[in-house]
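For reference, the structure is listed below as structure tokens.
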Amino acid sequence: MRTKDKKWRLPSKINVAGIDYKVKRCSAKEIKRRSNCHKDDVYEVMGLCDYSSRIIYISSRLNPQEAKFTFAHELLHAVVDGVTQDDTYNDDQILHPLSRVFWGVLQEVNLVN
Ligand SMILES: [Zn+2]
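All letters in the sequence shown, in the order written, are residues 4 to 116 by my numbering.
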């Protein structure tokens, strides 16, 4: 599992609900600068899903495991945005616990490690 984990790399792009997103690593400072809201949210510093420019940013300081989880979290933002434009569903109040629980379940069945 560890060997597989080392081989895993963030994709450079991904299509979510018909929308092409680029995936970029950058500094947490850069992510914070690009984020207009949720400035106190730690997950927005670790990553950001920019719906308008269609770029998912992942902090370059994260280790592979953290980057993977953060990518999954930001991906969930993109998925929800692809399903509904209603921001009440795409809030970290919901997405944070949802992504944690979902990640735990995926690990339980070895879908992710
Ligand atoms: Zn978030």
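All C-beta atoms in this analysis are idealised placements derived from N, C-alpha and C, irrespective of residue type, glycine included.
Note that this is a predicted model, so its numbers are computed, not measured.
When you measure from the CB of residue i to every non-hydrogen atom of ligand 1, does any distance come out below 6 Å?
{"i": "aspartate 94", "result": "no"}
{"i": "leucine 98", "result": "yes"}
Check residue i in the structure and name its three-state DSSP category.
{"i": "aspartate 90", "result": "coil"}
{"i": "glycine 21", "result": "coil"}
{"i": "leucine 98", "result": "helix"}
{"i": "valine 82", "result": "helix"}
Compute the distance between the beta-carbons of residue i and residue j, then report whether it is under 7 Å.
{"i": "lysine 35", "j": "lysine 25", "result": "no"}
{"i": "phenylalanine 72", "j": "tryptophan 106", "result": "yes"}
{"i": "tyrosine 54", "j": "lysine 27", "result": "no"}
Residue i and residue j look like a contact to me (Cβ under 8 Å); what is the Cβ gap, rounded to whole Å?
{"i": "asparagine 93", "j": "valine 83", "result": "4 Å"}
{"i": "serine 62", "j": "serine 38", "result": "Wrong, their Cβ atoms sit about 12 Å apart, outside the cutoff."}
Does any residue of chain C bring its CB to less than 7 Å from the CB of residue i?
{"i": "alanine 75", "result": "Looking for chain C here will not work: only one protein chain is present."}
How should residue i be labelled, buried or exposed, when 16 other C-beta atoms within 10 angstroms of its C-beta is the threshold for buried?
{"i": "alanine 20", "result": "exposed"}
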